[in-house]
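Asker: Quick one: the structure is below, and I'll ask about it shortly.
4 protein chains.
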Amino acid sequence: MSDPTLPAELAELRDRVSAFVREVVIPAEAELGLGAPSEELRSRLQRQAVEAGVFAPHVPEDYGGLGLGMFEQSVVFEAAGYSLLGPLALNCAAPDEGNMHLLHVIATDEQKARYLRPLAAGETRSCFAMTEPPPGAGSDPSALKTTATKTDGGWRIDGRKWLITGAAGAGFAIVMARTSEVTRGQGATMFLVEAGNPGFQVVREIPTLDHAMIGGHCEVVFEDCAVDDAAILGEADQGFRYAQVRLAPARLTHCMRWLGIARRSLDIALEHTRDRELFGERLHDLGLAQQLIADSAIDIEASRALIRQAVRVIDAGGRGGHESSIAKTFVSEAVDRVVDRAIQLCGGTGVTHETLLGRFMNEVRAFRIYDGSSETHRWAIARREARRTVG
Amino acid sequence: MSDPTLPAELAELRDRVSAFVREVVIPAEAELGLGAPSEELRSRLQRQAVEAGVFAPHVPEDYGGLGLGMFEQSVVFEAAGYSLLGPLALNCAAPDEGNMHLLHVIATDEQKARYLRPLAAGETRSCFAMTEPPPGAGSDPSALKTTATKTDGGWRIDGRKWLITGAAGAGFAIVMARTSEVTRGQGATMFLVEAGNPGFQVVREIPTLDHAMIGGHCEVVFEDCAVDDAAILGEADQGFRYAQVRLAPARLTHCMRWLGIARRSLDIALEHTRDRELFGERLHDLGLAQQLIADSAIDIEASRALIRQAVRVIDAGGRGGHESSIAKTFVSEAVDRVVDRAIQLCGGTGVTHETLLGRFMNEVRAFRIYDGSSETHRWAIARREARRTVG
Amino acid sequence: MSDPTLPAELAELRDRVSAFVREVVIPAEAELGLGAPSEELRSRLQRQAVEAGVFAPHVPEDYGGLGLGMFEQSVVFEAAGYSLLGPLALNCAAPDEGNMHLLHVIATDEQKARYLRPLAAGETRSCFAMTEPPPGAGSDPSALKTTATKTDGGWRIDGRKWLITGAAGAGFAIVMARTSEVTRGQGATMFLVEAGNPGFQVVREIPTLDHAMIGGHCEVVFEDCAVDDAAILGEADQGFRYAQVRLAPARLTHCMRWLGIARRSLDIALEHTRDRELFGERLHDLGLAQQLIADSAIDIEASRALIRQAVRVIDAGGRGGHESSIAKTFVSEAVDRVVDRAIQLCGGTGVTHETLLGRFMNEVRAFRIYDGSSETHRWAIARREARRTVG
Amino acid sequence: MSDPTLPAELAELRDRVSAFVREVVIPAEAELGLGAPSEELRSRLQRQAVEAGVFAPHVPEDYGGLGLGMFEQSVVFEAAGYSLLGPLALNCAAPDEGNMHLLHVIATDEQKARYLRPLAAGETRSCFAMTEPPPGAGSDPSALKTTATKTDGGWRIDGRKWLITGAAGAGFAIVMARTSEVTRGQGATMFLVEAGNPGFQVVREIPTLDHAMIGGHCEVVFEDCAVDDAAILGEADQGFRYAQVRLAPARLTHCMRWLGIARRSLDIALEHTRDRELFGERLHDLGLAQQLIADSAIDIEASRALIRQAVRVIDAGGRGGHESSIAKTFVSEAVDRVVDRAIQLCGGTGVTHETLLGRFMNEVRAFRIYDGSSETHRWAIARREARRTVG
């Protein structure tokens, strides 16, 4: 099942990433246990990725990366995502990867030098502080409660953020705060806040179903958090617009990485069923197992096809909002189904921690909720469809 | 929702086809009633398609067509499929379209002159006589019961075929018959049999759920049907291999056309819900309607993405067996779901014949069965997946 | 799979009905073709049902029936529903069966003598004229547009009704009309209007997907339709309340009858697969067929269990609104799935009219829409659930 | 939504159990953390259950229980299952509850005095040692590898068992071992083996997705494990038959308990959505949330109806094999769906451990695999259906 539609160079890079994941990353998974990777493991894997020539595939060459477009990323990130540790090793994991993209598009040269360069090099980590505990900004950004108030020569940020991935240990945060009255797509501003700022505290790591994100999912508090004017990312009051810049690509890179876990899950199940018999037949020849296998193959192929269609739109200059919304909804649900079927195919073994499948089940569950829940996306898709034919 | 990934020329052609369907084909649907199109309607629409410059898009330019590759076909056939009559108007309906492809690839120049040229021009119709009534050749081609026996200077064909689309009124049939012992992919031969042959009888049109195919779905009998050696299409005993040549592309062109009906169905439902209120809200703003609309939009987008991925493989020189099998399984089921949800969105109106939706429901139902049922495809997909990781 | 939970007498009656359906009703199906039964066929079958002692099982013994409670009806109606003609033969088909129930509960003795007695005896038919073309009363009864205006000694009814099942040839209609301002559950009145009334016209039979209902699904017009005060069924302005009396049981008896068709469909498919082989195995031993069979068996059993739970509530004196709403939603969708899987199991044969399955597909489709669409029921179920835990 | 079909006494008992769970058990859940309950917690809750008059509802009155039949159990166990700790508190948790049933039906009076009495009183715990690591006995009992060899005056058991729930700390095990050639339903024997036996070792608790079972899911080894003849439960070579005695009821009591968790999950989600707004509407009034809520309500009602139908069959003297198989398949899948939708309804909160839902997701996952996986049940259901109509 090689793919003749890929340019040879891209296929070669993908194979290189796959080999790196197989030979370097997967053997390191044992160090992960049921918890998060250590900073030491992160650094070591990233060094090895640099050596293997697969580091920072999405980063512009000026900043030390491979400078891939989104279509190319879709191929490479899926290969990296075959291990929970793969994206971290390639420095293309969330939230850093999305933040690099945002900084690349929005930041001043000075900001790029100070934040993007070390981030792209894996010398620091970052977080994206937008979501707030209910009833604050979640699916509905207009509910944003964190404020930034103008002071002499700068701003004072106050508010509470929640489920901020990677915050513990991050070198800086990109923070969304309300700077004037919020109306359609106006009124919020993004700020760059550094870890040492005494007004910025990570108050706890929230216990969640997933465990693989370095720096956890944290609650963070901004209290009398003073920053100067240069901390503004882009222009004041345009934060929602910039969030859109990050949103569609970040959704899609999530899809690419999780699709790798889906493919891995099916492979684990195929490996398992190849060795087993039931009622005297090889398990994967039994019809009900065949249904599970085929449905997962279809889900994986449809996911990949939707991702590719969406990234082609973006690579061609489109915004890809509708396409990425559809892809995200389908892929996040498909990945769950594939992992679930893999568990089912492995029977009793599938619900022990003797395979990684139970862990995967917990790692992927939240993807149907973050970056817009399936319900929010369906609502938006339906509204766009309803408007579509009016004209 | 324009698609920036399409070349401008292709987008222009698609728009031209869409305009032709909207302005010429859809107004003619009223003549269809609940039955099949007449030959007169076929000729008239095809003449208009020639005038509009959209006729025979898949046919090589040498034979009077637009010479599109499969990717381009995927865009154009979907636009044509927006009406049940569209593919007929463009002369890219089943089974003729697949037969043209087969003749183009396999036939001798003489055969092309005699069969392909008038078929491509819409001067005649054809059928593909492979399927047999149970327990003959259906999903399992090795069960082939129709035989062709060598005679002096020719062959004698005997057997019964079933569900042969378009047979009534077809100018010729491509007939699959057993010519030696059937082993893996060997032993069957394709013959070109003309309508006037006294050994070839269309014995009845089988009443089926669908009604839109000109020439129906027929039972045909070959009894002492004499043909000469020049009637062999390609080489003797290689019929199964040629069937594969036709199979993957024909599956995909079915998907393209039916996807047009899916899009049409959703549009009918959106049109309906735009005008209606329930509990004081516009129907398409109600949440449960939004779920139906969004799920259909996702199904359509995923179908299109899978079709495109499969045709890109074929355009790149791959066989596309696995990809087309996955696409066919997904699309045939997705189209049914989209039509079904459209009926649901239209409520009481949806189950009357005041919309076309009930008819569409009946037209598309068989697509989950012919060209390999969903179950046969899933079985094959699972087997390929199981083998995949052995190596 | 006999059912030890049934009282012996009830099991015996069910077996008697099953035998009657098998021996008398199913042989008569051939007369049905693809259309509706004739009045002659109805009379003949009903005479035979009387002779077999299975006529009018739901009708009180005073009116010539078997006087069954709802639980008993659930067993007998399913057995009758095994043929499209079974409920008609037993005189327990919609809409007459629901109208008999309504008349029994609401009508005056005089009205019962005039309308219920001949209806119960099969001497006449009736219809229930509530639904109006959009934007009139459908899922949302408060949109009722038909009016009844007080006149000297009576009322004048004006309005248009739509999808009125059985109207063509019915002896009388039960008509819902607005008699004062419509507020929650008030303001509408039910009237008994006889066929000869010059103000009551059946203007057309609306072409629909289904064909088995005698008297079709009609558009009817009331224009200056004069009735006297004795035509009021129950009290004025209480029509919505009475509609509720009819609603929950009528939903459930629909479920019972259609469940019979589901069971019949699975049996047709099992019969088909028993005789067929694919890849050298009996078709029903193939895994993917087993999935279809098992899922249908589960759907049938769950449908029956939900129906029984709901009728037990009603037999115990409960209203059964929530239970019947849940049962209706599940059963209407399950029946469709079972019929659809049966078609899939029959392959090519399934989409011809050589089995009854294609017809069943068209007959059952509307059940997810009438008596409250799945969406309307889900909306109501969710609202009840949301209120449930408030207290 | 009170249930008028329940006898008053049973409704009163259910309400008592619900009150006990709400007032005593749920407050103790905080002690559980993410792990298993301690023996101290078990003893304390069981003492409180005795005081509340709800202890051991399924145990015959002679042995200190409430002597409920299966229908009554279905009502009470669901109420107990509303907390993960409820069944433990009432001493009706797996595997003890199923073992009590088995001992009651099969054991000698002496065995009952020694094993059943203290088990029913909560003075000890037990385990059921049947499943073996692949390729041993799992879905396919004929693969049984553990042997018991006749010795002078007794037997010697050798083998390895796997995923034996509750083994750590259990006072005794019921062990299935091969005692002669295994043919259809013959050749295996059940033995009672006590914890102190030096030939019986719990070698490890297998890490699994779920954590709530006291005594874990263990690997146990029998090595030269000597027992005397009185250790045989029932007759030699009849172990498979006895396993059937335990099987259908144990499947159903699992369903009852997990249905309680499903109801709890929906209630948690309803509680959450009642307090939240999105886009200015109460969350549970939004349509896409309504779909999730309604589908869960339907799943719960259908689960309960299937359980009730199956237990009525058993209470009426039937074996209930088919009915319990169907109920188990549906309920195990429905419970997962309900928990999953509840997480979705809670959004970001749903994937933290601030609700119990993530834990529930992990606790219920294995139920689609143990006691016969969904695939094994579907295979069996389809075979019974296929045989059904042969006669």
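Each protein sequence line maps, in turn, to chains A, B, C and D. Sequential numbering of the first sequence, starting at 1, is according to the numbering used here. Sequential numbering of the second sequence, starting at 1001, is according to the numbering used here. Sequential numbering of the third sequence, starting at 2001, is according to the numbering used here. Sequential numbering of the fourth sequence, starting at 3001, is according to the numbering used here. Don't be surprised by glycine CBs; every beta carbon is placed ideally from N, CA and C. No experiment lies behind these values; they were computed from the predicted model shown.
Name the residue from D:M3176, D:Q3238, D:A3294 and D:I3214 whose alpha carbon lies nearest to the alpha carbon of A2386 of chain C.
Answerer: Within the third sequence, the letter at position 386 stands for residue 2386 of chain C. Closest option to A2386 of chain C, Cα to Cα, is D:A3294.
Asker: In whole angstroms, what is the alpha-carbon distance linking R42 of chain A and F1071 of chain B?
Answerer: Numbered from 1 along the first sequence, position 42 holds the residue referred to as residue 42 of chain A. Numbered from 1 along the second sequence, position 71 holds the residue referred to as residue 1071 of chain B. Cα to Cα, the separation comes out at about 43 Å.
Asker: Measure from the C-beta of T2131 of chain C to each C-beta in chain B and report whether the shortest distance is under 8 Å.
Answerer: Residue 2131 of chain C sits at position 131 when you count from the first residue of the third sequence. It does: the Cβ of T2131 of chain C has a partner Cβ on chain B nearer than 8 Å.
Asker: Taking the runs of the alpha helix (DSSP H) that are 4 residues or longer, which of them lie wholly in the segment 3089 to 3144 of chain D?
Answerer: Within the segment 3089 to 3144 of chain D, the complete alpha helix (DSSP H) runs of at least 4 residues are 3096 to 3106 and 3117 to 3120.
Asker: Name the DSSP bridge partner or partners of T329 of chain A?
Answerer: Here the question's residue 329 of chain A lines up with position 329 in the first sequence. Answer is none; T329 of chain A lacks a bridge partner.
Asker: Does the segment 212 to 222 of chain A come into contact with the segment 154 to 171 of chain A, if we say contact requires no fewer than three beta-carbon pairs (one atom in each stretch) closer than 8 Å?
Answerer: With a cut-off of 8 Å, the segment 154 to 171 of chain A and the segment 212 to 222 of chain A count as touching, because enough Cβ pairs lie within range.
Asker: What three-state label does DSSP hand T253 of chain A in the structure shown?
Answerer: As a working mapping, residue 253 of chain A is identified with position 253 in the first sequence. Residue state, collapsed to three classes: helix.
Asker: At a CB distance below 8 Å, what residues from the segment 2285 to 2298 of chain C approach chain A? Give them in sequence order.
Answerer: Against chain A - using a Cβ distance shorter than 8 Å - the residues of the segment 2285 to 2298 of chain C are L2286, G2287, L2288, A2289, Q2290 and Q2291.
Asker: Cα-Cα, which of C:L2233, C:S2325, C:V2054 and C:S2002 is closest to N2099 of chain C?
Answerer: Walking along the third sequence from the start, residue 2099 of chain C turns up at place 99. When each option's Cα is compared against that of N2099 of chain C, the closest is C:L2233.
Asker: List, in order along the chain, the chain B residues whose C-beta lies closer than 9 Å to that of L2353 of chain C?
Answerer: Residue numbering aside, residue 2353 of chain C sits at position 353 when the third sequence is read from its first letter. The sequence as given places His at residue 2353 of chain C; Leu does not occur at that position. The answer, in chain order, is I1206, P1207, T1208 and L1209.
Asker: Within 8 Å (strictly less), CB to CB, does V1390 of chain B reach chain D?
Answerer: As a working note, residue 1390 of chain B is residue 390 in the second sequence. Bear in mind that a pLDDT of 42 at V1390 of chain B, under 50, signals an unreliable position, so the number given afterwards is only what the model happens to contain. For V1390 of chain B, the answer is no, since every Cβ of chain D falls outside 8 Å of its Cβ.
Asker: According to DSSP, is G391 of chain A part of a helix, a strand, or is it coil?
Answerer: Along the first sequence, one-based indexing puts residue 391 of chain A at 391. Since pLDDT at G391 of chain A reaches only 36, below the 50 mark, its modelled position is unreliable, and no value is offered.
Asker: Would you say W1258 of chain B lies against chain C (beta-carbon separation less than 8 Å)?
Answerer: Position 258 of the second sequence holds residue 1258 of chain B. So no, W1258 of chain B is outside the interface.
Asker: Name the chain B residues that come within less than 8 Å of E2375 of chain C, Cβ to Cβ?
Answerer: Taking the first residue of the third sequence as position 1, residue 2375 of chain C is located at position 375. Ordered by position in chain B, the residues that pass the 8 Å Cβ test against E2375 of chain C are L1286, L1288, A1289, L1292 and Q1344.
Asker: Touching or not, the segment 3155 to 3164 of chain D and the segment 3125 to 3133 of chain D, by the rule of three or more beta carbon pairs under 8 Å?
Answerer: Flag = yes, the segment 3155 to 3164 of chain D and the segment 3125 to 3133 of chain D touch.
Asker: Work out the CA separation of V1339 of chain B and S265 of chain A for me, nearest whole Å.
Answerer: By one-based count along the first sequence, residue 265 of chain A stands at place 265. By one-based count along the second sequence, residue 1339 of chain B stands at place 339. C-alpha separation (whole angstroms): 33 Å.
Asker: Which residue comes first and which comes last in the beta strand (DSSP E) that contains E1194 of chain B?
Answerer: For the purposes of this step, residue 1194 of chain B is taken as residue 194 along the second sequence, with counting starting at 1. Here the beta strand (DSSP E) through E1194 of chain B covers Q1186 to E1194.
Asker: Flag this pair as touching only if the segment 2342 to 2353 of chain C and the segment 3243 to 3258 of chain D have three or more C-beta atom pairs under 8 Å; answer yes or no.
Answerer: Cβ pair count under 8 Å is below three, so no.
Asker: Shorter than 7 Å, the distance from the beta carbon of L1088 of chain B to the closest heavy atom of the ligand SAH, or not?
Answerer: By its list of ligands, the structure shown contains no ligand whatsoever, and the ligand SAH lies outside what it can speak to.
Asker: Say whether chain C places a C-beta atom closer than 8 Å to the C-beta of A3011 of chain D.
Answerer: Translated into positions along the fourth sequence, residue 3011 of chain D becomes position 11. By this cut-off, A3011 of chain D is not an interface position.
Asker: Quick one: Cα of L10 of chain A to Cα of A1036 of chain B, how far?
Answerer: Taking the first residue of the first sequence as position 1, residue 10 of chain A is located at position 10. Taking the first residue of the second sequence as position 1, residue 1036 of chain B is located at position 36. The straight-line gap from Cα to Cα measures roughly 49 Å.
Asker: Along the chain, where does the beta strand (DSSP E) containing D224 of chain A start, and where does it finish?
Answerer: Counting from 1 along the first sequence, the entry for residue 224 of chain A is found at position 224. Element bounds for D224 of chain A: H217 to D228.
Asker: Rounded to whole angstroms, what's the CA-CA distance from Q290 of chain A to R341 of chain A? Just pull it up for me.
Answerer: Numbered from its first residue, the first sequence carries residue 290 of chain A at position 290. Numbered from its first residue, the first sequence carries residue 341 of chain A at position 341. Cα to Cα, Q290 of chain A sits roughly 11 Å from R341 of chain A.
Asker: For G3098 of chain D, return the contacting residues in chain A, with the cut-off set at a CB-CB distance below 7 Å.
Answerer: Along the fourth sequence, read from residue 1 onward, the residue named residue 3098 of chain D stands at position 98. Those do not exist, as G3098 of chain D stays about 18 Å from chain A at its closest Cβ, beyond 7 Å.
Asker: Please go through the same chain and pick out, in chain order, the residues whose beta-carbon is closer than 8 Å to the beta-carbon of L34 of chain A, but skip the five residues on each side of it.
Answerer: Indexing the first sequence from 1 puts residue 34 of chain A at position 34. So the list reads H211, H353 and R359, once near-sequence residues are dropped.
Asker: Between the segment 224 to 242 of chain A and the segment 261 to 275 of chain A, can you find at least three pairs of beta-carbon atoms closer than 8 Å?
Answerer: Not touching, per the Cβ criterion.
Asker: In chain C, which residues lie less than 7 Å from W1155 of chain B when you measure between Cβ atoms?
Answerer: On the second sequence, residue 1155 of chain B is found 155 positions in, with the first residue counted as 1. Within 7 Å Cβ-Cβ: nothing; W1155 of chain B doesn't reach chain C, min ~27 Å.
Asker: Who are the near neighbours of H3217 of chain D in its chain, counting only those whose CB is closer than 6 Å to its CB and skipping five residues on each side?
Answerer: Along the fourth sequence, one-based indexing puts residue 3217 of chain D at 217. If we look at H3217 of chain D and ignore the five residues flanking it on each side, its Cβ neighbours are L3163, T3165, I3206 and T3208.
Asker: What residue from D:T3179, D:L3066 and D:A3250 has the CA that sits closest to A3049 of chain D's CA?
Answerer: As a first step, residue 3049 of chain D must be located in the fourth sequence, where it is residue number 49. For A3049 of chain D, the nearest C-alpha among the options comes from D:L3066.
Asker: On the DSSP bridge list, what partners appear for W2258 of chain C?
Answerer: Numbered from 1 along the third sequence, position 258 holds the residue referred to as residue 2258 of chain C. The partner list for W2258 of chain C (beta bridge, DSSP) is empty, contrary to what the question assumes.
Asker: Please report how far the alpha carbon of E219 of chain A lies from the alpha carbon of D2315 of chain C, in whole angstroms.
Answerer: Translated into positions along the first sequence, residue 219 of chain A becomes position 219. Translated into positions along the third sequence, residue 2315 of chain C becomes position 315. Going from the Cα of E219 of chain A to the Cα of D2315 of chain C covers about 55 Å.
Asker: Could you tell me how far apart the beta carbons of A3177 of chain D and A3148 of chain D are, in whole angstroms, since I believe they sit closer than 8 Å?
Answerer: In the fourth sequence, residue 3177 of chain D corresponds to position 177, counting from 1. In the fourth sequence, residue 3148 of chain D corresponds to position 148, counting from 1. A3177 of chain D to A3148 of chain D, Cβ: 4 Å. Contact.
Asker: If the criterion is Cβ atoms closer than 8 Å, does the pair V415 of chain A and I3261 of chain D meet it?
Answerer: In the structure as shown, chain A begins at 1 and stops at 391. Residue 415 of chain A is therefore absent and cannot be evaluated.
Asker: Would you give the residue range spanned by the beta strand (DSSP E) that Q1201 of chain B belongs to?
Answerer: As a position in the second sequence, residue 1201 of chain B is number 201, starting the count at 1. Q1201 of chain B -> beta strand (DSSP E) spans F1200 to E1205.
Asker: Do A310 of chain A and R1308 of chain B have their beta-carbon atoms positioned less than 8 Å apart in this structure?
Answerer: Reading the second sequence from its first residue, position 308 is the one you call residue 1308 of chain B. Reading the first sequence from its first residue, position 310 is the one you call residue 310 of chain A. The answer is no: Cβ separation not under 8 Å.
Asker: Using C-beta distances below 7 Å, list every residue in its chain close to V1105 of chain B, excluding the 5 sequence neighbours before and after it, in chain order.
Answerer: Position 105 of the second sequence, counting from 1, holds the residue named residue 1105 of chain B. Excluding positions up to five away in sequence, the list reads V1245.
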